[in-house]
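Which chain is which? The protein sequence lines are A and B, in order. The first sequence begins at 433 in the numbering used here and counts up one residue at a time. The second sequence begins at 433 in the numbering used here and counts up one residue at a time. Every residue gets a Cβ at the ideal spot worked out from N, C-alpha and C, and that includes glycine. The structure displayed is predicted, hence computed values, not measured ones.
Number of protein chains: 2
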Amino acid sequence: MKSAKRRRLEAKGWKFGTVQEFLNLSEEEAAYIELKLALSKSLQEARRKKNLTQHELARRLKSSQSRVAKMEAGDTSVSLDLLIRSLLALGASRKELSQIFS
Amino acid sequence: MKSAKRRRLEAKGWKFGTVQEFLNLSEEEAAYIELKLALSKSLQEARRKKNLTQHELARRLKSSQSRVAKMEAGDTSVSLDLLIRSLLALGASRKELSQIFS
DNA sequence: ATAAGATATGTCATTATTGATATATAGTCA
DNA sequence: TGACTATATATCAATAATGACATATCTTAT
Numbered sequence: 433m434k435s436a437k438r439r440r441l442e443a444k445g446w447k448f449g450t451v452q453e454f455l456n457l458s459e460e461e462a463a464y465i466e467l468k469l470a471l472s473k474s475l476q477e478a479r480r481k482k483n484l485t486q487h488e489l490a491r492r493l494k495s496s497q498s499r500v501a502k503m504e505a506g507d508t509s510v511s512l513d514l515l516i517r518s519l520l521a522l523g524a525s526r527k528e529l530s531q532i533f534s
Numbered sequence: 433m434k435s436a437k438r439r440r441l442e443a444k445g446w447k448f449g450t451v452q453e454f455l456n457l458s459e460e461e462a463a464y465i466e467l468k469l470a471l472s473k474s475l476q477e478a479r480r481k482k483n484l485t486q487h488e489l490a491r492r493l494k495s496s497q498s499r500v501a502k503m504e505a506g507d508t509s510v511s512l513d514l515l516i517r518s519l520l521a522l523g524a525s526r527k528e529l530s531q532i533f534s
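Laid out in structure tokens, this is it:
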């Protein structure tokens, strides 16, 4: 958005910065969630491709079956960190991770 | 590695599983660290491209200058999560993230 | 139907990550 | 030089993520 337009909007009382911040936050949040779901899905696919149960994968990751289930469900309690480390543990290459992101 | 070869090695007393686990862990660890450094570098580039100081970026992220410095340094106390969320906050698209990963 | 195995969900103590703060170390300009 | 701004590093209390556990629900074979 051009600054001239912005000044006009602000002159009319729009809390421009705040609205933009809100929109940016939403977009960012949406992208974050999408990313997480894409990683979750890929993790489940990778596990199934290797014919591992959640319990078996958990053992490899030194984690627990319940956490693997949460990872695959994209639970809010799971970080991108854990998802990415798990995919790496299943042998995913950086190229494969890259494809998940795109 | 083919299972026939594996069986021969095991017959000679190699603790195959353990060694493989060790190697995999190393590879995984290496990939994780590389990824983190790639994200760190991209974050710094993105910040500089926008002519923001670490302090200004920190304010956007509701974080602190010291943490931004640690992010850009790839400090062990920084998660992939925070790096990725920061890049998203700077407006990186999924495609751009994907390129960082590849 | 039910037993067995796999997956999902809820809770919680432990551990890791975080923002804040203080302070140190550049780099720059007058 | 010294004031100023940016960045780096150390520490720590608050918060978030984690593994473990219990238990529930779903699948599948008999």
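Between Ser530/B and Ser509/A, the CB-CB gap reaches or exceeds 8 Å.
For Ile465/B, not one C-beta of chain A is nearer than 8 Å to its own C-beta. Residue environment analysis places Ser518/B among the buried positions, since at least 16 neighbouring C-beta atoms fall within 10 angstroms of its C-beta. Put simply, the CB of Ala501/A is far from chain B, with every gap to its CB atoms at 8 Å or more. For Met503/A and Ser472/A, the gap between their C-alpha atoms comes out near 6 Å. With contact defined as three or more Cβ pairs closer than 8 Å, the stretch 519-529 of chain B and the stretch 463-477 of chain B are in contact. In terms of beta-carbon proximity, Leu484/B stays away from the interface with chain A, with every pair separated by 8 Å or more. Between the beta-carbon of Phe533/A and that of Leu467/A there is about 7 Å, and that keeps the pair under the 8 Å contact cut.
Secondary structure note for Lys482/B: it is in no alpha helix (DSSP H), with a DSSP letter that is neither H nor E. Interface criterion not met: the Cβ of Lys473/A is under 8 Å from no Cβ in chain B. The three-state secondary structure of Ala521/B, taken from DSSP, is helix. Within the model, the alpha-carbon separation for Asn483/A versus Ser495/A is close to 18 Å. For a Cβ distance threshold of 9 Å, residue set Arg517, Leu520, Ala521, Gly523 of chain B lies close to Glu460/A, ordered along the chain. Here Ile516/B is buried, its C-beta having at least 16 other C-beta atoms within 10 Å. The three-state secondary structure of Ser498/B, taken from DSSP, is helix.
At least one C-beta of chain B is nearer than 8 Å to the C-beta of Arg526/A. Taking CB atoms only, Leu493/B has no neighbour in chain A less than 8 Å away.
Secondary structure at Asp513/B: helix, using DSSP grouped into helix, strand and coil. Interface flag for Leu529/A against chain B is set, since a Cβ pair is found closer than 8 Å. Exclusion of the five residues before and after Ala501/B leaves Gln486 as the residues of its chain whose Cβ lies within less than 7 Å of its Cβ.
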